[in-house]
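Q:
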Amino acid sequence: MFRPSNGASEFRSTRVSPQQILEESTTRKKGRKDDQGDLYWTQSRAGRRSQRYGCLILLVGIIAGSLMGGMRIGLELLSYYKDQGKYCLVMEDNFDGPLNTTLWQHEVSVGGNGNGEFQWDQASPQNSYTEDGNLYIVPTLTADVIGEANIYDGYTVNLTADGTCTQKESKWTEIDRKIPMQIAINSTHTNCQAHSNATLGTVIPPVRSARLTTKGTAAIRYGRVEVRARMPTGDWLWPAVWMMPRDAVYGDWPRSGEIDIFESDGNKPTWRYDVHSNSMRSTLHFGYDPDHNLQRKWGGIRLLWRKYFNEDYHTFGLEWDEHGIWTWERSRNYRVLNKKFKNFAIDREPVQRDKNGVLIPPPNPWLLSNSKAAPFDQYFYLILNVAVGSTNGYFANSPWSNSDPNAARAFIEAKDHTWGPTWPQDPKKRGMAIDYVKMWQRCG
């Protein structure tokens, strides 16, 4: 180290680190401002050339993006108009007048539709009606009709006796095997009958709603469906636009399939990526028994960041042929479910083991058909409905337990402090509003 002699001015040697050298080099490359604020490098020939290249790259990117977007839209439009000649209109309903009862049929039951739902589906004009060019499907409280006390005790609904039940009568074991036998026998809950009993805790379905179908009037095998609708608002509401097979060619559900075009729930989204409340879910259901339904591998989902499905009208569509099936929202560019029938999962899904632990392939009920589309190679009809609650696991964080045989009672008891305040007083907001429905069948 250098030390100056007495009387000499002090001299300090500064050591420059490699990091400082790197920073200085970077500063020179990026440009250092002079006294007038200009950048040396950007004023140089190399700097101006670099700026021109940057602008050119940006311009090329914008043009390429615009061309690709335009080509995509153009191809979709070309595909759409090309397909127009392949499809024949089967039905169209704009709901500009009274409900067309030669087209739409009401399903009436109290059995929960195999899902443990809490509503009483019926044909009351309070629960389904046309007005302002819309079909409204509206859930209402059963207590408003029969009184709250009858919900809990001493009241019987017998749809078989009055001849209104549209579902076949079922034994308790076919409805919900989790219900203890004694409770099921005493409550006489079936698809067509319900009885309230305060001792057993059974209740009359606490909500009335509607399910409308084109069963027996309009069905398609390969074609297109389009529905424009606004979804209901309210916790634990379950709106759906879906299809079921006209003929159970391959056996009972789910062997003959199910096509869910749109499903969601009426709960307010709890966060941006809430896959339940601000989503459109499309699913294909099929399997050789209810315990081996392969829907998890055959579904799609679409989320919205604003103007949720209950806040504005949205258009939902289905496209379907022997090669595949896909659904969309808003336009054909926004696909939700997109599946090809190249190699159905059931053909390679071993789900059982023999006594030696060897995997056994499941029986294939679709060998009756030579089509890879089976079971979706048959005629399907359309269903529009608003269900309420369920015990099949569809809802998360519900105020009832799915294993509780009296879940419907827990649901109605939670009304005042949980879901009741979320149901709008305006029935049109509480219900699903359908603007129009169209169905096309592939011609020829």
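Note that the sequence shown ends on residue 444 in UniProt numbering; no numbers are left out. Virtual Cβ for every residue (Gly too), placed ideally from N, Cα, C. Since the model is a prediction, treat every value here as computed from it, not as a measurement.
(1) Cys88 by DSSP, collapsed to three states: which one?
(2) Are the segment 252 to 262 and the segment 125 to 135 touching, with three or more C-beta to C-beta distances below 8 angstroms?
(3) Please state the DSSP three-state secondary structure of Ala396.
(4) Which residues in the same chain have their Cβ closer than 8 angstroms to the Cβ of Tyr87, if we skip the five residues on either side of it in sequence?
(5) With three or more beta-carbon pairs closer than 8 angstroms as the criterion, would you say the segment 384 to 396 touches the segment 117 to 125?
(6) Could you spell out the range, first to last residue, of the beta strand (DSSP E) harbouring Arg211?
(7) Is Lys242 near Ile383, with beta carbons less than 7 angstroms apart?
(8) Give the single residue among Tyr436, Trp400 and Pro254 whose Cα lies nearest to the Cα of residue 451.
(9) On the DSSP letters alone, give me the boundaries of the alpha helix (DSSP H) that Asn150 sits inside.
(10) Give the DSSP-derived three-state secondary structure of Lys415 in the structure shown.
(11) Determine the DSSP secondary structure at Pro254, reduced to helix, strand or coil.
(12) Name the two residues that bound the continuous beta strand (DSSP E) containing Arg228.
(13) At what residues does the beta strand (DSSP E) containing Pro363 begin and finish?
(14) Among the residues of its own chain, which have a CB less than 6 angstroms from the CB of His285, if the five just before and after it don't count?
(15) Flag this pair as yes or no: are the beta carbons of Gly420 and Val138 separated by less than 7 angstroms?
(16) Which residue from Trp238, Ser109, Val207 and Cys55 puts its Cα closest to that of Ala396?
(17) If distances are taken between C-alpha atoms only, which option among Trp320, Lys268, Arg281 and Thr142 comes closest to Tyr308?
(18) With H, G and I counted as helix, E and B as strand and the rest as coil, what does DSSP make of Leu304?
(19) Is the beta carbon of Leu318 sitting closer than 7 angstroms to the one on Asn278?
(20) What separation, rounded to the nearest whole angstrom, lies between the Cα atoms of Arg332 and Glu148?
(21) When you compare only the Cα positions, how much space is there between Val249 and Gly114?
(22) Would you report the Cα separation of Arg272 and Arg52, rounded to the nearest angstrom?
(23) What does DSSP give as the partner residues of Trp326 in its beta bridges?
(24) With DSSP as the reference, label Arg272 as helix, strand or coil.
(25) Would the beta-carbon of Asn134 fall within 7 angstroms of that of Ala433?
(26) In the DSSP output, which residue or residues are listed as bridge partners for Met439?
(27) With a threshold of 7 angstroms on Cβ separation, who are the neighbours of Ile151 within its own chain once the five nearest residues in sequence on each side are excluded?
(28) Within a Cβ cutoff of 7 angstroms, which residues of the same chain sit near Ser124, ignoring the five residues on either side of it in sequence?
(29) By Cβ distance below 8 angstroms, which residues in the same chain neighbour Arg330 in space, the five residues on each side in sequence not counted?
(30) If we call anything under 7 angstroms between Cβ atoms a contact, is Asp153 one with Ala198?
(31) Can the beta-carbon of Thr217 be found less than 7 angstroms from the beta-carbon of Leu103?
(32) Hey, could you find the ends of the alpha helix (DSSP H) Pro427 is sitting in?
(33) Within 10 angstroms of the Cβ of Ala64, are there 16 or more other Cβ atoms? Answer buried if so, exposed if not.
(34) Within 10 angstroms of its Cβ, does Glu92 collect 16 or more other Cβ (buried), or is it exposed?
(35) So who's on the other strand from Glu131, going by DSSP bridges?
(36) For Val388, write down the residues that DSSP places opposite it in a beta bridge.
A: Checking against the coordinates, here is how it stands:
(1) strand
(2) no
(3) coil
(4) Gly223, Arg224, Trp440, Gln441, Arg442 and Cys443
(5) yes
(6) Looking at the DSSP string, the run of the beta strand (DSSP E) that includes Arg211 is Arg211 to Thr213.
(7) The amino acid occupying residue 242 in the given sequence is Trp; Lys does not appear at that position. Yes; because the gap between Cβ atoms is below 7 angstroms, this pair is in contact.
(8) This structure cannot settle anything about residue 451, because the visible part of the chain is limited to 1 through 444.
(9) Glu148 to Tyr152
(10) helix
(11) coil
(12) Gly223 to Arg230
(13) Per DSSP, Pro363 lies in no beta strand (DSSP E) segment and is marked neither H nor E.
(14) If we look at His285 and ignore the five residues flanking it on each side, its Cβ neighbours are Pro254, Glu258, Asn293 and Gln295.
(15) no
(16) Trp238
(17) Lys268
(18) coil
(19) no
(20) For Arg332 and Glu148, the distance between alpha carbons rounds to 47 angstroms.
(21) 20 angstroms
(22) 41 angstroms
(23) Partner(s): Glu319 and Asn338.
(24) coil
(25) It is a contact, given that the beta carbons lie within the stated cut-off.
(26) Met91 and Val225
(27) Thr142, Ala143, Ser196, Val203, Ile204, Pro206 and Ile412
(28) Arg208
(29) His314 and Thr315
(30) Between Asp153 and Ala198, the C-beta spacing is below 7 angstroms.
(31) yes
(32) Pro427 to Arg430
(33) exposed
(34) Glu92 comes out exposed.
(35) Asn134
(36) Note: Val388 is bridge-paired with Leu237 in the DSSP secondary-structure output.
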